[in-house]
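Note that the sequence shown covers residues 0 to 783 in numbering that gives the first Met the number 0.
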Amino acid sequence: MVRLIKTGSSTIRDFSSRREQWRLLLLILPLGLVIILMARLRDPATAERINNFFAASNNRSDEAQKVPPRVENHAARKPAADTRPGLYPGVCPELLTAIADNTYFRNSEKEAWFHFIELLQHTPTEQIESAHSVEADYVQLVDQPDFYRGKLVTVYGYVRQVTEQIPAANDLGIKSYYRVVVQPADGTDWPIFVYCLELPADLSVGDDLMSNVKVTGLFFKKLSYHWEQGLGTAPVIVAKSVADYGSGASMPGQADIHEPSTTDAWAETKADTVRTTKGPAAEPQAESPSFPEILGLAGWDVERLAQFDNGQPFSEAEHVKALELLRRLRSFDSTSLMDWAHDGLSPHDVAKQPADYRGQLIRLKGRVVNVTKRLPAAAEAERLEMPQYFECEVVLGEQAGTSTILTTRVPQAWLQAEHLDEPISAVALYLKRLANGDSQQALWLAKEVAWHPGQTNEPDHELFGPTARELFSKTADKLFGKSVLGNLGMDVGLLDQIQPRGRIRAEEREAFYQMLDAVGRAGPSELISIAEAGLPAVRKVWENEVATEESRSRRALAQEVVRRAEEGRYSVAPLFNEPGNQIGRIIVVDGTARRVVRIQVGSAGGPGDVARSFGIEHYYELEVFTDDSQNYPLVFCVRELPTGFPTRGTIHVPVRVAGFFFKDWLYRTRGLLDEETTTRASGEVDRPQFAPLVIGRMPLVLAAEQERSEAARYVLAGLFVLALAGIWAAAAWYARDDRRFRRRTRAVDFSLPPGQSLNELNLSPAEEPMKDIAQSGVWLGQSE
Numbered sequence: 000m001v002r003l004i005k006t007g008s009s010t011i012r013d014f015s016s017r018r019e020q021w022r023l024l025l026l027i028l029p030l031g032l033v034i035i036l037m038a039r040l041r042d043p044a045t046a047e048r049i050n051n052f053f054a055a056s057n058n059r060s061d062e063a064q065k066v067p068p069r070v071e072n073h074a075a076r077k078p079a080a081d082t083r084p085g086l087y088p089g090v091c092p093e094l095l096t097a098i099a100d101n102t103y104f105r106n107s108e109k110e111a112w113f114h115f116i117e118l119l120q121h122t123p124t125e126q127i128e129s130a131h132s133v134e135a136d137y138v139q140l141v142d143q144p145d146f147y148r149g150k151l152v153t154v155y156g157y158v159r160q161v162t163e164q165i166p167a168a169n170d171l172g173i174k175s176y177y178r179v180v181v182q183p184a185d186g187t188d189w190p191i192f193v194y195c196l197e198l199p200a201d202l203s204v205g206d207d208l209m210s211n212v213k214v215t216g217l218f219f220k221k222l223s224y225h226w227e228q229g230l231g232t233a234p235v236i237v238a239k240s241v242a243d244y245g246s247g248a249s250m251p252g253q254a255d256i257h258e259p260s261t262t263d264a265w266a267e268t269k270a271d272t273v274r275t276t277k278g279p280a281a282e283p284q285a286e287s288p289s290f291p292e293i294l295g296l297a298g299w300d301v302e303r304l305a306q307f308d309n310g311q312p313f314s315e316a317e318h319v320k321a322l323e324l325l326r327r328l329r330s331f332d333s334t335s336l337m338d339w340a341h342d343g344l345s346p347h348d349v350a351k352q353p354a355d356y357r358g359q360l361i362r363l364k365g366r367v368v369n370v371t372k373r374l375p376a377a378a379e380a381e382r383l384e385m386p387q388y389f390e391c392e393v394v395l396g397e398q399a400g401t402s403t404i405l406t407t408r409v410p411q412a413w414l415q416a417e418h419l420d421e422p423i424s425a426v427a428l429y430l431k432r433l434a435n436g437d438s439q440q441a442l443w444l445a446k447e448v449a450w451h452p453g454q455t456n457e458p459d460h461e462l463f464g465p466t467a468r469e470l471f472s473k474t475a476d477k478l479f480g481k482s483v484l485g486n487l488g489m490d491v492g493l494l495d496q497i498q499p500r501g502r503i504r505a506e507e508r509e510a511f512y513q514m515l516d517a518v519g520r521a522g523p524s525e526l527i528s529i530a531e532a533g534l535p536a537v538r539k540v541w542e543n544e545v546a547t548e549e550s551r552s553r554r555a556l557a558q559e560v561v562r563r564a565e566e567g568r569y570s571v572a573p574l575f576n577e578p579g580n581q582i583g584r585i586i587v588v589d590g591t592a593r594r595v596v597r598i599q600v601g602s603a604g605g606p607g608d609v610a611r612s613f614g615i616e617h618y619y620e621l622e623v624f625t626d627d628s629q630n631y632p633l634v635f636c637v638r639e640l641p642t643g644f645p646t647r648g649t650i651h652v653p654v655r656v657a658g659f660f661f662k663d664w665l666y667r668t669r670g671l672l673d674e675e676t677t678t679r680a681s682g683e684v685d686r687p688q689f690a691p692l693v694i695g696r697m698p699l700v701l702a703a704e705q706e707r708s709e710a711a712r713y714v715l716a717g718l719f720v721l722a723l724a725g726i727w728a729a730a731a732w733y734a735r736d737d738r739r740f741r742r743r744t745r746a747v748d749f750s751l752p753p754g755q756s757l758n759e760l761n762l763s764p765a766e767e768p769m770k771d772i773a774q775s776g777v778w779l780g781q782s783e
């Protein structure tokens, strides 16, 4: 085939063809997809979906166990194993710390209570009877409850009453159990309470049954209960059942009596007078005995307290007695002590009539100016379970003067300070008036002395704006959050008991609820303002770390904190990497709330000690993801949610929330909130993981920013579509010009003049081959 083209000319690309247009479009589309994906990756939900899509299924189960990726990784610390011998197999030592003796059943003991029941529920009766147990009597259980707690014990006695009890709501499927009131075989007039899951065939509900029984079960606690003439004390045993020992059989330790005692104490163990109807979740009685009555039952009556002479020096004998009374005071929980304390009674009034108020609990406020650590003798320390105690010199006021408070716990910061002048409060027992040179001062006993740094007289709730900045200027960065908490009425000394990483222990429960109560005294905007006021000083502290720190990882952490502070934001990296140095610090973050769970405080049986002490019946757990949390959540425990805040299913709400760091919490993810009940979504619960636990008041919804963000996305998408349309139109326009060029230029170069053919051309000899071809009948455009 003959082609008529100009020699040396290049091929012109035809952009008007479909093929070229598709090639151009395919070059632009990936660029647009990359831009859209980069914008979407800023959304934590999208990032998590991508991670889950590419993560192998066997790695997902292990991922929850790992500490989130941080500047410097730390392995999770396991709690130290309990070394106490003799615990029944399966008993969790950590739960035993929540059990308190000489009190009623408390809501905090509910978990341990049902833990005991669950162990016995799944153990055959024959196995329990054949297991090694310790025989004990009433006196042993009452005098040494810590030694027997969680151990399998065996007691013998007479059944005086059997009542059916309704337990609190539980997951064990237990709708009822039985309380068996047993009079010990040794003739003791006080009962032993046995809670059992089933009864033998020959034992039924009723009074004065007079059956000889053997009980083998787990010792739980020493219970205080109310009867007509005051308070009684009874050991509590959890058993699967009781065994009939025979009506005529002689029981081990049986006293030389013909029949069980008929003291009036037995007549008052009816279910309507004993405050244990529903076990640990029982609703407290409206009327409770006074504290002097409780001390009297414990052996500290008026005559014994009168042995502390007023106006005399503190003798060595009185010192020992005071420590014994302090040990008794430590056995009561803080909520009960607050309930028993006198309101509106000043120390000055007490000093005027010391004999009338000896043994009473009084609320004190003042300033501690000196603390002395004391070590009892080795024998006394072991007997009283008190390796150390502290003498606090406290100024209670101009009229009350200086007093001395003996206590077993003070904040660690006091022991390191060169000079002390810190605000305190305490629920203290008045003991005596001391003679100290020319002046006299009062002597008090307190389970603990609460520290309120930053507080002058009363809690200052106007903390935002200049007040917060002034407060910050007076305190170091590390103490700023603690000063705010102290100003809000919290005992900051409780923060010493918090372990930086792990589950929430029983010892940390009081600190948790006190902090939750404290944030309720400030508005959410106030806490945000306070945190923002402290950010410049935080930046200054970490800038010093950048300049002086030799560790590369810590210097990198400090640089990250400074970079965020320069942008006016807090970094969450220290919460993951250095939880021990962050406890009590205040922080504010912007992030996306993706899960909310309502946590009910107390139980179905009635309000617990938290509701009675702080008025807290529920709070909310809020999982917040920030742009620097590397797709791991911060768990905010907040008192309330804004009106209209979504609570159904997976949420996606931009929020700003401030709070105080509590600890790096090891927890299991909870189900989603579903209006009135909490429902669990499959695949999203029961995954243990670490997360910074922060306690705040209420999140603020960033609704305006969310709307602007959504509008921006639509605008960008529209611009992208317009850009694609413009590129397509430009390609079509240039293709049209190319077609015009071919028609006008190539047609002139290769067309013959009108009326001529190739045969009429004047060919030179060099062009004869072309002529031969034309004459041979081979024409252009033809082939043989």
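All C-beta atoms in this analysis are idealised placements derived from N, C-alpha and C, irrespective of residue type, glycine included. None of the values given here were measured: they were computed from a predicted structure.
Taking just the CA atoms, how far does residue j sit from residue i?
i	j	result
arginine 611	glutamate 549	51 Å
glutamate 525	methionine 697	11 Å
isoleucine 529	valine 623	20 Å
lysine 220	threonine 232	10 Å
asparagine 106	lysine 372	34 Å
alanine 724	leucine 484	60 Å
glutamate 317	serine 203	52 Å
glutamine 20	leucine 32	19 Å
asparagine 169	arginine 159	28 Å
proline 259	tryptophan 189	Any answer about proline 259 is weak, because its pLDDT of 35 lies below 50 and its placement is not dependable; what the coordinates show is given next. When rounded, the distance between both Cα atoms is 11 Å.
Between which two residues does the beta strand (DSSP E) harbouring residue i extend?
i	result
arginine 366	360-373
glutamate 392	388-396
threonine 547	Note, threonine 547: premise wrong, no beta strand (DSSP E); alpha helix (DSSP H) at 523-547.
glutamine 411	Run containing glutamine 411: none in the beta strand (DSSP E); it sits in the alpha helix (DSSP H), 411-415.
serine 402	400-406
glutamate 620	617-624
isoleucine 191	191-195
glutamine 784	With the chain covering 0 to 783 only, the question about residue 784 has no answer from this structure.
glutamine 688	687-695
phenylalanine 635	633-637
Using the beta-carbon count (16 or more within 10 Å), is residue i buried or exposed?
i	result
leucine 328	buried
aspartate 305	Looking at the sequence shown, residue 305 is not aspartate but alanine. So alanine 305 ends up on the exposed side.
proline 535	exposed
isoleucine 34	exposed
threonine 591	buried
glutamine 143	exposed
glutamate 509	buried
Check each candidate in the options and name the one with the smallest Cα separation from residue i.
i	options	result
leucine 171	Glu110, Thr187 and His131	Glu110
lysine 150	Ala97, Val204, Ala427 and Cys91	Cys91
leucine 322	Val600, Ala416, Ile423 and Ala445	Ala445
threonine 153	Glu565, Ser330 and Val241	Val241
threonine 201	Val161, Glu544 and Gly643	The question names threonine, but residue 201 is aspartate in the sequence shown. Residue Val161 is the option with its Cα nearest to aspartate 201.
glutamate 163	Ala441, Gly156 and Ser175	Ser175
asparagine 369	Arg382, Cys636, Phe331 and Phe389	Phe389
arginine 871	Gly85, Thr334, Ile98 and Glu577	Missing from the structure shown is residue 871; the chain here goes from 0 to 783 and no further.
leucine 86	Gly396, Ala657, Gln629 and Ala130	Ala130
arginine 584	Thr122, Lys662 and Cys391	Lys662
phenylalanine 613	Thr334, Leu633 and Trp727	Thr334
histidine 451	Leu414, Gly492, Leu419 and Leu430	Gly492
threonine 102	Val179, Leu296, Ile586 and Thr187	Leu296
isoleucine 694	Tyr666, Tyr618, Pro687 and Trp727	Tyr618
aspartate 627	Ile404, Val560, Ser223 and Ala532	Val560
Tell me the residue span of the alpha helix (DSSP H) that contains residue i.
i	result
proline 499	Segment: none, proline 499 is in no alpha helix (DSSP H) and carries neither H nor E.
phenylalanine 290	290-296
aspartate 348	346-351
serine 335	333-339
phenylalanine 644	Where phenylalanine 644 is concerned, there is no enclosing alpha helix (DSSP H), given that its DSSP letter is neither H nor E.
aspartate 516	508-518
Can you check the segment 102-156 for any beta strand (DSSP E) of at least 3 residues that lies completely inside it and give the ranges in chain order?
-> none
Output the residue ranges of the alpha helix (DSSP H) runs that lie fully inside the segment 566-615 and measure 4 residues or longer, sorted by chain position.
-> 572-576, 578-581 and 608-613
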